[in-house]
Structure formats: C-alpha cells, structure tokens
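Every number in the working numbering is 26 more than the matching position in the first sequence, counting from 1. Everything below concerns the one structure shown next.
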Amino acid sequence: MTLRIHDTRSKKKRFFTPIKDGKIGIYVCGITPYSPSHLGHARQAISFDIITRWLRKLGYDVNYITNFTDIDDKIIKVANKEGKDFLEIANRNIKDYFQVMDSLNVIRADEYSRVTETIPEIIDMISILIDKGNAYIGNDGVYFEIDTAPEKYGQLTGQTLEMVRSGAGGRVEGTGSGKRDHRDFALWKNAKENEPFWESPWGNGRPGWHIECSAMSLKHLGKEFDIHGGGRDLMFPHHEAEIFQSECCIGKENTVKYWIHNGMINVNGEKMSKSLGNFTTISETFDSVQPLALRYSLLNAPYRQPIEFNPSMLEESEKHQERLMLAYLGGTKLTNANDWSDYEFLNSASESFCNGMNDDFNTRVAIVELQSVVKKLQELLSTNSELDYISAIMGWLNEYAGNILGLIPDKDIVNSLLTKLDSKRNEVSTRVEDLLAQRQEARGQKDWDMADKIRDELNSMKVVIEDGPEGPTWKLEN
RNA sequence: GCACGGAUGGCAGAGUAGCUAUGCAAGGGAUUGCAGAUCCCUGGACCUGGGUGCAAAUCCCGGUCCGUGCUCCA
C-alpha cells in the first residue's frame with residue numbers, strides 16, 4: 027500500500043508523490059511565543075513529528091522547516107506589561123517550547139526559522155507584490171489587495187468573496203485603517219510609538235501576520251514544495267493569505283502540493299485556545315502525567331480528528347504507556363533486540379501498522395497493533411520462555427513503538443532507568459527479602475493478620491508484592 | 001447567517017457495502033488466604049426519516065444535533 031495524504035485543498039485523500047524524486051520539503055506554521063505552550067501546540071508538534079518520522083521511514087529525504095513568529099502584537103503587549111524587551115519574552119517562551127517538546131520526544135525540525143531573522147526576505151517579497159500591483163501602500167502600512175486575485179479566494183475553506191463581503195455573520199471589521207477593502211490584509215505595519223521596528227522602503231515598521239510564512243517557506247524550501255502544514259484554525263485567514271502572497275509573488279499556482287491540517291484539542295466540546303482561556307499548558311500536564319503518556323493520548327486518535335481532553339483520557343493513556351514501559355523494560359533485562367521476520371504474528375502486525383500509517387498517518391490503527399504486540403510480550407514474559415521470540419518483539423518495538431511512534435525513551439534513558447531501578451532495588455533488597463521471609467512464615471502458619479501487616483509495611487517502603495504460583499515477587503513502585 | 005467537518009456500545013475510538021475492531025469501564029471465570037499483576041470468557045453500538053443495492057454503520061437525498069472557520073489562534 028502506498029501513502030495517501032488528505033489534502034485540505036482538494037478535500038480528499040490523494041496518493042502521495044513528491045515534486046522531486048526522493049526528496050520532500052515540508053513547512054509547518056509554528057507558534058507565536060507570547061505564552062508557555064499549551065496542549066494544542068503539543069498536538070500540532072506531535073502530529074507533524076509523526077508525519078516526518080513516517081516519511082523518513084518510507085525512505086524520503088525530508089527537509090522539515092517550521093518557525094517562530096517572534097514579533098507580533100501579543101508579544102509586544104506582554105513585553106510592555108512586564109517592562110521587558112519583546113525578544114526576551116519570545117526567547118523565554120521558545121525555551122519552554124523546546125523543553126516540553128523534547129520531553130514529548132518530538133524530534134527537532136531541521137530549521138526553526140524566526141521572523142526577526144527573515145526581515146530582508148520579507149521586505150523583498152512585499153516589494154515584488156507592490157511592483158506587480160497586488161499590494162498597495164496605505165497610510166498605516168502596506169496591504170495586499172484581494173481584488174487583484176479574486177480567483178484565489180476560498181482555496182482551503184470554500185468561502186467566496188461575496189460571502190465574506192456580504193457580512194461574515196455581522197463581524198466584519200470596518201476598513202478603519204488604511205485598507206481599501208475590509209478583506210485586504212496587512213503585509214507591513216507601520217510602527218506606532220514605543221514599538222520595535224525595522225527600516226523599510228515604506229517607513230519603519232514590522233511584518234504583518236501572514237507574510238512571514240510565505241517568506242520563510244520560500245527562503246528555505248524554494249518556490250514550490252511538497253507539504254504545508256498547520257493547525258486547522260490557521261486555514262483561514264492565515265493559509266489563504268499565504269496562497270495569495272506566495273502565488274502572486276512567485277507567479278505560479280499550487281506552489282504547495284499538499285496542505286495538511288491537524289485537528290484541535292477540545293475541552294467540554296469546545297476548542298482549547300488561549301483566547302477562550304480554557305487551555306492547559308503542557309508543563310502543567312506533566313504534573314499529573316508522564317510526558318510519553320501524554321504523547322500516547324495524542325496519538326490515540328488520527329491527527330485530523332478533534333480530541334476531547336479530560337483527566338480520564340490521560341489516566342487511560344498513562345495505564346497503556348506504563349504497561350508498554352514495564353513490558354519493554356522486562357524484555358530489555360532478558361535479552362537484546364533482534365530481527366523479527368521469522369515471526370508471522372509480528373509480520374502481520376507490521377503490515378497492519380504500516381497500512382494504517384499509509385492511510386493518512388492513522389496512528390490509532392498503529393496503536394491497536396502496538397497494543398496487541400505488547401500483550402504478546404507480557405504473555406511471554408509471564409512464562410519467562412521463548413527468549414528468541416521476546417528478542418524479536420523487542421526489535422519490533424524498537425522500530426514501531428520507538429522510531430515511529432516515539433513512545434520509547436532513548437536507550438540511555440532506558441538504561442539509566444534500569445540501573446536506577448536496580449540500585450534502588452539493591453538498596454532495599456536485604457530488608458525486603460527479610461520481611462518477605464517473615465511474611466512467608468506467617469502465611470505458612472495462616473497468620474493472615476501478620477502477613478498483611480508485613481505487606482503494609484513493605485507497601486510503605488514503596489515495595490509492591492505480587493504473590494504468584496512460584497512464591498511472591500516484588501517490585502518497586504516508580 | 002454562510003463555509004467546512006462530525007454524529008458508532010457507559011466512555012474513548014477505528015471501520016467507504018457482506019466477515020469479532022480495539023482499549024478503558026462493567027459482569028463472570030482461572031490463579032490467590034485476601035489483594036495485586038496476568039490470562040480466559042460475556043454482554044452491549046452504528047442520530048433520524050426516506051432512497052439505491054441481493055446486501056448499508058459504510059453510497060444518495062431530507063431533517064435534527066454538535067464542532068470549527070468567517071476576529072488573535074496549533
């Protein structure tokens with residue numbers, strides 16, 4: 027089965043073929059770093075992390091570019107409020123972004139382009155648009171004139187000029203500013219007092235919201251590239267504005283081959299967003315859940331579906347992720363990872379997994395396969411037999427749960443986890459074995475009160491007892 | 001209002017025509033003194049009204065409800 031991708035522009039799943047053989051350019055709209063990252067950002071980052079991981083797995087040479095919009099009204103607002111430089115605010119939040127995304131096992135993009143480092147390219151692009159007659163200079167900035175390319179309206183959202191012209195639900199902003207038409211959008215905003223600015227042929231100012239992505243994708247990926255991504259909420263106006271700017275500037279249509287949009291995170295049926303104030307930051311979430319469990323829960327639905335966020339969904343993921351880790355650590359202790367091609371069960375799991383991923387990156391289908399493989403591993407571990415099979419499963423897990431889904435931490439972390447567990451275990455081992463022997467004696471005499479008392483004591487040492495057919499075993503709570 | 005998308009068991013969530021999704025939760029069983037972990041089994045769903053088909057959760061039309069976008073947003 028070959029890869030199919032749902033393309034927002036054509037509104038259907040299309041078989042994927044790159045523009046250039048073997049190479050893929052992908053640009054994803056990043057964040058405006060005016061506050062710490064919330065779960066919506068995690069969903070976006072993880073969605074495209076999975077997409078690039080899978081494209082690479084398919085053998086493509088992927089160039090993954092994303093950005094920080096590090097100058098913007100909201101950043102300025104926060105900066106003024108705190109009496110700090112706008113870049114200090116941006117950098118602080120970018121630092122937070124990297125920190126949480128690293129712990130979510132998001133592989134870093136090849137480039138994190140920044141608006142403040144792309145000003146010359148942005149100015150070039152605006153100049154071209156003015157020269158070509160697509161943009162005009164208003165009294166407070168430069169604007170793109172929609173009427174110069176009306177056929178490009180509604181490319182992603184299906185809206186027509188007339189619809190928006192006629193009312194937009196009564197929420198049309200007055201032209202007010204230097205705009206000729208309320209649908210025109212700013213390419214360059216003249217600086218007001220006490221605002222950061224850059225020099226330009228049109229006076230001191232800064233870029234409008236949409237132009238930076240057109241300029242940055244052009245700068246890093248060229249005039250045409252394969253995939254442009256971002257959150258669903260960016261379809262309009264942001265991505266449609268990009269289509270206007272890029273296509274008019276470059277003089278070509280369809281400069282992006284596939285448009286990919288990830289779904290939103292909902293809270294009580296409503297989109298999580300900064301403006302509604304119903305957001306949970308990623309680092310907050312880590313107080314109650316392991317980072318990889320959060321990752322798991324975000325992969326538990328296909329990237330385009332909305333995800334309803336609530337505590338029980340996190341609990342369930344935590345359970346699954348813990349089960350995966352316990353089984354994985356158990357296997358790691360016993361044997362090394364190995365090739366799995368001799369095992370029919372694992373081959374068919376791979377096949378279903380890959381079919382799911384090739385069907386527009388359906389991680390939910392992939393996770394079902396993962397669950398069945400983990401179950402198999404638990405089964406083998408509980409009987410402690412078939413080491414060859416276990417090592418084949420470990421190989422499978424490294425590839426699919428690790429490299430593709432990113433649910434297994436780095437080898438170093440796994441090893442340190444194991445040694446940490448071991449050393450802790452050694453620390454308490456003598457004492458535990460001693461108590462355990464006493465408990466066994468009590469149990470032999472059917473002195474259940476005594477036995478349970480000892481068990482309570484062990485529990486208070488964070489030691490969990492599991493009585494089995496071959497006597498009790500114990501482990502440390504993490 | 002307009003555009004786009006969605007409606008599946010208690011919950012989460014796959015599935016574009018015919019065959020058990022899956023997981024969590026629930027119930028039963030194995031194991032156990034109890035507990036836990038693990039294993040086995042069970043029940044339970046396709047918003048609504050029409051249509052097409054031998055056959056529809058799946059395709060078509062109408063309705064209802066919900067979400068997103070139309071304003072900053074991942």
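Just so it is clear, CB atoms sit at the ideal spot from N, CA and C, and this is done for glycine as well.
Residue range of the alpha helix (DSSP H) that includes residue i
i, result
"Phe112", "Phe112 to Ser129"
"Ile45", "Element bounds for Ile45: n/a, residue is neither H nor E."
"Phe371", "Glu370 to Asn384"
"Ala392", "Thr389 to Thr409"
"Phe41", "Premise fails: Phe41 lies in the beta strand (DSSP E), Lys38 to Phe41, not in any alpha helix (DSSP H)."
"Ala241", "Ile237 to Leu247"
"Tyr354", "Pro337 to Leu360"
"Ala267", "Glu266 to Ile276"
"Ile148", "Ile145 to Asp157"
Beta-carbon spacing of residue i, residue j below 9 Å
i, j, result
"Lys300", "Ser153", "no"
"Ile491", "Leu502", "no"
"Ile434", "Leu350", "yes"
"Lys14", "Phe270", "What is shown of the chain runs 27 to 504, which leaves residue 14 out entirely."
"Ile91", "Glu137", "yes"
"Ile286", "His32", "yes"
"Ser120", "Ala241", "It is worth fixing the name first, because residue 120 is Ile in this sequence and not Ser. No; because the gap between Cβ atoms is not below 9 Å, this pair is not in contact."
"Leu407", "Gly357", "yes"
"Gly255", "Asn288", "yes"
"Ala105", "Leu320", "no"
"Leu247", "Gly51", "yes"
"Met298", "Asn362", "no"
"Ala427", "Trp366", "no"
"Leu155", "Cys275", "yes"
The beta strand (DSSP E) enclosing residue i, as first and last residue numbers
i, result
"Pro317", "First-last for Pro317: Pro317 to Leu325, but that is the alpha helix (DSSP H), not the beta strand (DSSP E)."
"Ile97", "Here Ile97 belongs to no beta strand (DSSP E), and DSSP marks it neither H nor E."
"Ser30", "Correcting the residue identity first, residue 30 is Arg in this sequence and not Ser. First-last of the beta strand (DSSP E) with Arg30: Arg30 to Asp33."
"Ile291", "Ile291 to Val293"
"Ala161", "Ala161 to Gly164"
Which listed residue (the options) has its alpha carbon closest to that of residue i
i, options, result
"Asn373", "Asn362, Leu423 and Lys345", "Leu423"
"Leu318", "Val132, Arg40 and Gln466", "Val132"
"Val141", "Gln404, Phe94, Asp386 and Lys110", "Phe94"
"Lys205", "Ser63, Val168, Pro222 and Cys239", "Val168"
"Leu352", "Met339, Gln404 and Ala363", "Gln404"
"Glu143", "Ile120, Asn119, Lys215 and Glu238", "Glu238"
"Asn384", "Ala135, Arg82 and Ser139", "Arg82"
"Ile430", "Leu84, His67, Pro59 and Gly229", "Leu84"
"Asn220", "Lys107, Ser36 and Lys297", "Lys107"
"Asp414", "Gly470, Tyr369, Asp122 and Ser343", "Tyr369"
"Asn364", "Thr409, Ile416, Leu355 and Arg330", "Ile416"
"Gly180", "Arg232, Trp235 and Glu268", "Glu268"
"Arg118", "Ser139, Asp128, Asp96 and Arg134", "Asp96"
"Ile45", "Lys249, Asp210 and Gly231", "Lys249"
"Val394", "Ser378, Pro176, Thr409 and Asp386", "Ser378"
Cross-strand partners of residue i (DSSP beta bridge)
i, result
"Ala212", "Tyr169"
"Val458", "Val458 is not bridged to any residue."
"Trp285", "His254"
"Trp422", "Beta-bridge pairing links Trp422 to no other residue."
"Leu502", "Val489"
"Thr92", "Val54 and Tyr138"
"Trp224", "Gly231"
"Asp87", "Lys49"
"His64", "Thr307"
"Tyr415", "For Tyr415, which the question treats as bridged, DSSP gives no partner whatsoever."
"Ile333", "Ile291"
"Gly494", "Gly497"
Buried or exposed (CB count within 10 angstroms, at least 16 for buried), residue i
i, result
"Ser226", "buried"
"Ala463", "exposed"
"Met290", "buried"
"Trp474", "exposed"
"Val198", "Any reading at Val198 needs caution, since the residue's pLDDT is 42, under 50, leaving its predicted position unreliable; the model's value is listed next. It is exposed - the Cβ of Val198 has fewer than 16 other Cβ atoms within 10 Å."
"Ser182", "Per the sequence presented here, residue 182 reads as Leu, with Ser not at that position. Classification of Leu182: buried, given that the 10 Å Cβ count is 16 or more."
"Thr28", "exposed"
"Gly432", "buried"
"Arg457", "exposed"
"Thr34", "buried"
"Ala71", "buried"
"Gln471", "exposed"
"Ala194", "Caution is warranted here: a pLDDT of 45 is assigned to Ala194, below 50, making its placement in the model unreliable, and the coordinate value is therefore given only provisionally. Result: exposed."
"Ser36", "exposed"
"Gln331", "exposed"
"Lys402", "buried"
"Lys283", "buried"
Closer than 8 Å: residue i CB and nearest the ligand PLP heavy atom
i, result
"Leu372", "With respect to the ligand PLP, the structure offers nothing, as it holds no ligand at all."
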